[in-house]
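So the numbering used here is basically just the index in the sequence shown, starting at one, shifted up by 4.
Yeah, the Cβ is synthetic: ideal placement off N, Cα and C, and Gly gets one too.
If you're wondering where the values come from, they're calculated on a predicted model, not measured in any experiment.
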Amino acid sequence: MSNIIVLGAQWGDEGKGKMVDLFSEKFDVVARYQGGHNAGHTVYIGKTKYVLKLIPSGILRPGVQAVIGNGVVIDPGALLSEMATLEGVGIAVDEQLRISNRAHVIFPFHPLMEKMSEAREGRTAIGTTSRGIGPAYEDKIARRGIRMADLVDADSFEEMFEALLADKATIAKAFHISFDQDWGAVRKQYQEYATRLHPLICDTSAFLGESMKAGKRILFEGAQGTMLDIDHGTYPFVTSSSASAGGACTGAGVPPTKINGVIGVSKAYITRVGGGPFPTEALREEGERIRKAGNEFGAVTGRPRRCGWFDVPLLHFTTTVNGFDSLVITKLDVLDMLAEIPVCIGYKIDGKVTNEMPATNRGMEKIEPVYKVMSGWHCSTKGAATFDALPEKAKTYLDFLESQTGVEVGCVSNGPERTETIIRKGSKLEKLLS
Ligand code: GDP
Ligand code: IMO
Ligand code: MG
5 MSNIIVLGAQ WGDEGKGKMV DLFSEKFDVV ARYQGGHNAG HTVYIGKTKY
55 VLKLIPSGIL RPGVQAVIGN GVVIDPGALL SEMATLEGVG IAVDEQLRIS
105 NRAHVIFPFH PLMEKMSEAR EGRTAIGTTS RGIGPAYEDK IARRGIRMAD
155 LVDADSFEEM FEALLADKAT IAKAFHISFD QDWGAVRKQY QEYATRLHPL
205 ICDTSAFLGE SMKAGKRILF EGAQGTMLDI DHGTYPFVTS SSASAGGACT
255 GAGVPPTKIN GVIGVSKAYI TRVGGGPFPT EALREEGERI RKAGNEFGAV
305 TGRPRRCGWF DVPLLHFTTT VNGFDSLVIT KLDVLDMLAE IPVCIGYKID
355 GKVTNEMPAT NRGMEKIEPV YKVMSGWHCS TKGAATFDAL PEKAKTYLDF
405 LESQTGVEVG CVSNGPERTE TIIRKGSKLE KLLS
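As structure tokens, then:
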């Protein structure tokens, strides 16, 4: 019985939603373990598009249990609106969804605090999604946050809310930020949210434990990507949660001994949204070409994604952190039009070639990528249903990525739809899914 983690191997938006939706056919439970509605996981079922933000992509499969784990931060308004959209297309949300009683709650003062921090003179803006994610995690770590269990506890919620609000009001006053809002109305609205969500809230760690005992299979769905992880990413240009594989255990309350495999999702190139270093970024027309072909615009904010070339040292780094058993290479079709495809095979820093990822922003900015230019296949990969049916040069490209990263390419995605996926025969991935 395999339980697996599927997560981003780059800076997010690798196509995790598509892959989790596809793989969830083989699983009983799909659990999110970190992040919040900063995530945007796009799934196409036929021509119908769904964008999941807080709810695990597995919910689109009838009968699959979807779990929002304790490591997630929840904006109840955003969650209810996502639930309503799914109910509107006939998904049995109340039966399928469970929410952790230990997940922290996002309040309207969190995005306010974020705005202040992002806009303050002398502070480097991270280019966040403005959803209040960072400030909600700040409150969690500072041990003053409010959890779902508190939200539904009528006796303690009011007092906790007032205390947290008083904290924020003090900060706003110190920084001369307008804090005028009908906070009493906000509190009341959250009490209404609590009533609606209460039946879905439980100890999800216990639920996952029982599910495993009953022989059910669990897929843990990562949000963001390893390079946005609070510890391992390009700090400070990261999100505020543990997006890497280790986060699945703490963020879902499951033991590491129960994880049987880790799947890294990576584009055949690379993108990033927001600020921060990006060694292989393709600028101007070159970047624009990929952006256009890959429709690289944020699923949550609509911001254009910065685009660039596949970065082998970065994949080495994220493999070290996560121990990928297999890689899924997505969006291969986006490269169909290119005559040549550069791949970064090493970093040159201060004249020396290294495979090491610098820990600082300044170090990252010193990187001069060393490229190997691969020949493009210059024809359509759409419709190829097996690895062998891919153009020879596309196979060479994938084999090269495999040999350079040292991790098998177990799956290739050549379009956004479920059917546009090749799972390699005999791969570790195929075994983990079987
Ligand atoms: P996620 O956050 O990792 O789930 O990724 P996003 O949904 O934010 O972004 C990935 C985008 O690429 C979505 O619009 C997907 O529909 C699309 N997509 C996924 N796989 C493929 C693929 O193989 N080819 C193409 N052309 N698009 C893909
Ligand atoms: P999915 O799950 C890509 C980026 C933001 C910003 C940084 C911090 O769809 O892959 P935050 O609002 O989290 O404090 O912003 O992280 N970011 C993402 N980039 N994909 C995501 O999620 C992201 N979630 C956050 O753009 O640079
Ligand atoms: Mg996304």
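Open item on the list: Just checking Lys20 against the ligand MG - is the residue's beta carbon closer than 8 Å to any of the ligand's heavy atoms?
Closed with: By one-based count along the sequence shown, residue 20 stands at place 16. The answer is yes for Lys20.
Task: Rounded separation between Gly213 and Pro203 - CA only - done: Numbered from its first residue, the sequence shown carries residue 213 at position 209. Numbered from its first residue, the sequence shown carries residue 203 at position 199. Distance between the alpha carbons of Gly213 and Pro203 is about 20 Å.
TODO: Round the Cβ separation of Cys348 and Pro283 to the nearest angstrom and send it over; I've been treating them as touching at under 8 Å.
DONE: Counting from 1 along the sequence shown, the entry for residue 348 is found at position 344. Counting from 1 along the sequence shown, the entry for residue 283 is found at position 279. Confirmed, Cβ separation roughly 7 Å.
Task: Local conformation of Ser209 per DSSP, three classes - done: As a first step, residue 209 must be located in the sequence shown, where it is residue number 205. Reduced to three states, the DSSP call for Ser209 is helix.
Open item on the list: Closer than 8 Å to a non-hydrogen atom of the ligand IMO - does that hold for the CB of Gly44?
Closed with: Locating residue 44 in the sequence shown gives position 40, where the first residue counts as 1. Checking the Cβ of Gly44 against the ligand IMO gives yes.
TODO: For Ala129, I'd like the list of residues in its chain whose CB is within less than 7 Å of its CB, leaving aside the five on either flank, ordered along the chain.
DONE: As a first step, residue 129 is located in the sequence shown; it is residue number 125 there, counting from the start. If we look at Ala129 and ignore the five residues flanking it on each side, its Cβ neighbours are Glu122, Gly279.
Task: Option nearest Lys144 by Cα separation, candidates Ala170, Val77, Tyr54, Arg310 - done: Within the sequence shown, numbered from 1, the residue matching residue 144 stands at position 140. Nearest option by C-alpha distance: Val77.
- [ ] Consider the C-beta atom of Tyr424 and the heavy atoms of the ligand GDP; say whether any pair is separated by less than 8 Å.
- [x] Locating residue 424 in the sequence shown gives position 420, where the first residue counts as 1. Note that residue 424 corresponds to Glu in the displayed sequence, not to Tyr. Yes, Cβ of Glu424 sits closer than 8 Å to a heavy atom of the ligand GDP.
TODO: Taking only heavy atoms of the ligand MG into account, decide whether any of them is closer than 8 Å to the Cβ of Val338.
DONE: Mapped onto the sequence shown, residue 338 falls at position 334. Checking the Cβ of Val338 against the ligand MG gives no.
Open item on the list: Going by DSSP, what residue range makes up the alpha helix (DSSP H) through Glu289?
Closed with: Your numbering for residue 289 matches position 285 in the sequence shown. Its alpha helix (DSSP H) spans residues 288-298.
Task: Three-state secondary structure assigned by DSSP to Met191 - done: Taking the first residue of the sequence shown as 1, we reach residue 191 at position 187. Note that residue 191 corresponds to Arg in the displayed sequence, not to Met. Reduced to three states, the DSSP call for Arg191 is helix.
- [ ] Grab me the residues of Gly419's own chain with a C-beta within less than 7 Å of its C-beta, minus the 5 sequence neighbours each way, in chain order.
- [x] Taking the first residue of the sequence shown as 1, we reach residue 419 at position 415. Once the five neighbours on either side are set aside, the close Cβ partners of Gly419 are Asp337, Lys386.
Task: Bounding residues of the alpha helix (DSSP H) (the contiguous stretch that carries Leu436) - done: As a position in the sequence shown, residue 436 is number 432, starting the count at 1. Element bounds for Leu436: 432-437.
TODO: From the DSSP output, read off the bridge partner residues of Glu166.
DONE: Taking the first residue of the sequence shown as position 1, residue 166 is located at position 162. According to DSSP, which records beta bridges pairwise, Glu166 is partnered with nothing at all.
TODO: With hydrogens ignored, establish whether the beta-carbon of Arg124 is closer than 8 Å to any heavy atom of the ligand IMO.
DONE: Working through the sequence shown from its first residue, we reach residue 124 at position 120. No.
- [ ] Under the assumption that Ala70 contacts Pro60 (Cβ atoms under 8 Å), give the Cβ distance between them as a whole number of angstroms.
- [x] Here residue 70 corresponds to residue number 66 of the sequence shown, with the count starting at 1. Here residue 60 corresponds to residue number 56 of the sequence shown, with the count starting at 1. At roughly 4 Å, the Cβ-Cβ gap stays under 8 Å, so Ala70 and Pro60 are in contact.
TODO: Check whether the Cβ of Val277 lies closer than 8 Å to any heavy atom of the ligand IMO, and answer yes or no.
DONE: Within the sequence shown, numbered from 1, the residue matching residue 277 stands at position 273. It does: the Cβ of Val277 is within 8 Å (strictly closer) of some heavy atom of the ligand IMO.
Open item on the list: Just checking Ile349 against the ligand IMO - is the residue's beta carbon closer than 8 Å to any of the ligand's heavy atoms?
Closed with: Along the sequence shown, read from residue 1 onward, the residue named residue 349 stands at position 345. For the ligand IMO, not one heavy atom lies less than 8 Å from the Cβ of Ile349.
- [ ] For Phe27, count neighbouring Cβ atoms within 10 angstroms of its own Cβ and tell me buried if that reaches 16, exposed if not.
- [x] If you number the sequence shown from 1, residue 27 lands on position 23. By the neighbour-count rule (16 or more Cβ atoms within 10 Å), Phe27 is buried.
TODO: Kindly indicate which residue of Glu86, Gly21, Leu339, Ser6 has the alpha-carbon position closest to the one of Glu421.
DONE: Reading the sequence shown from its first residue, position 417 is the one you call residue 421. Measuring from the Cα of Glu421, the nearest candidate turns out to be Gly21.
TODO: Report whether the distance from the Cβ of Ala247 to the nearest heavy atom of the ligand MG is below 8 Å.
DONE: Position 243 of the sequence shown, counted from the start, is the residue given in the question as residue 247. Ala247: no, Cβ never under 8 Å from the ligand MG.
- [ ] Inspect the CB distances between the region 149-158 and the region 93-113 and report whether three or more fall short of 8 Å.
- [x] yes
Open item on the list: What I want to know is whether the C-beta of Ile137 ends up closer than 8 Å to one or more non-hydrogen atoms of the ligand IMO.
Closed with: Taking the first residue of the sequence shown as 1, we reach residue 137 at position 133. Yes, since a heavy atom of the ligand IMO falls inside the 8 Å radius drawn around the Cβ of Ile137.
- [ ] Return yes when the C-beta of Tyr48 is under 8 Å from any heavy atom of the ligand GDP, and no when it is not.
- [x] Within the sequence shown, the letter at position 44 stands for residue 48. True, at least one ligand heavy atom lies under 8 Å from that Cβ.
Task: Status (buried if at least 16 other CB within 10 Å, exposed otherwise) for Gly410 - done: Working through the sequence shown from its first residue, we reach residue 410 at position 406. Exposed, because fewer than 16 other Cβ atoms sit within 10 Å of the Cβ of Gly410.
Task: Residue closest to Phe321, alpha-carbon to alpha-carbon, out of Gly12, Glu369, Cys383 - done: In the sequence shown, residue 321 corresponds to position 317, counting from 1. Considering only alpha carbons, the answer is Gly12.
Task: Three-state class that DSSP yields for Phe31 in the structure shown - done: Position 27 of the sequence shown holds residue 31. In this structure, Phe31 counts as coil in the three-state DSSP scheme.
Open item on the list: According to DSSP, simplified to helix, strand and coil, what is Glu41?
Closed with: Translated into the one-based positions of the sequence shown, residue 41 becomes position 37. Looking at the sequence provided, one finds His at residue 41 rather than Glu. DSSP places His41 in coil when its eight states are reduced to three.
- [ ] State the start and end residues of the unbroken alpha helix (DSSP H) segment that holds Arg366.
- [x] Here the question's residue 366 lines up with position 362 in the sequence shown. Element bounds for Arg366: 365-369.
Open item on the list: How far does the beta strand (DSSP E) with Ser69 in it extend, from its first residue to its last?
Closed with: By one-based count along the sequence shown, residue 69 stands at place 65. Sequence check: residue 69 is Gln here, not Ser. Gln69 -> beta strand (DSSP E) spans 69-72.
Task: Selection from Leu201, Tyr141, Arg135 that minimises the alpha carbon distance to Glu99 - done: Working through the sequence shown from its first residue, we reach residue 99 at position 95. Ranking Leu201, Tyr141, Arg135 by Cα distance to Glu99 puts Leu201 first.
Open item on the list: Measuring only the C-alpha atoms, how far is Met117 from Gly50?
Closed with: Taking the sequence shown and counting its residues from 1, one reaches residue 117 at position 113. Taking the sequence shown and counting its residues from 1, one reaches residue 50 at position 46. Each residue's Cα considered, the two are about 40 Å apart.
Task: Contact the region 187-198 vs the region 246-255: 3+ CB pairs below 8 Å - done: no
TODO: Determine the contact status of Leu64 and Leu56, defining contact as a CB-CB distance below 9 Å.
DONE: Stepping through the sequence shown from its first residue, residue 64 is reached at position 60. Stepping through the sequence shown from its first residue, residue 56 is reached at position 52. Yes.
- [ ] Answer yes if the region 32-41 comes into contact with the region 249-262, meaning at least three C-beta pairs across the two stretches below 8 Å, and no otherwise.
- [x] yes
TODO: Have a look at the DSSP bridge pairing and note the partners of Leu64.
DONE: Reading the sequence shown from its first residue, position 60 is the one you call residue 64. Looking at the DSSP assignment, Leu64 forms no beta bridge with any residue, so it has no partner.
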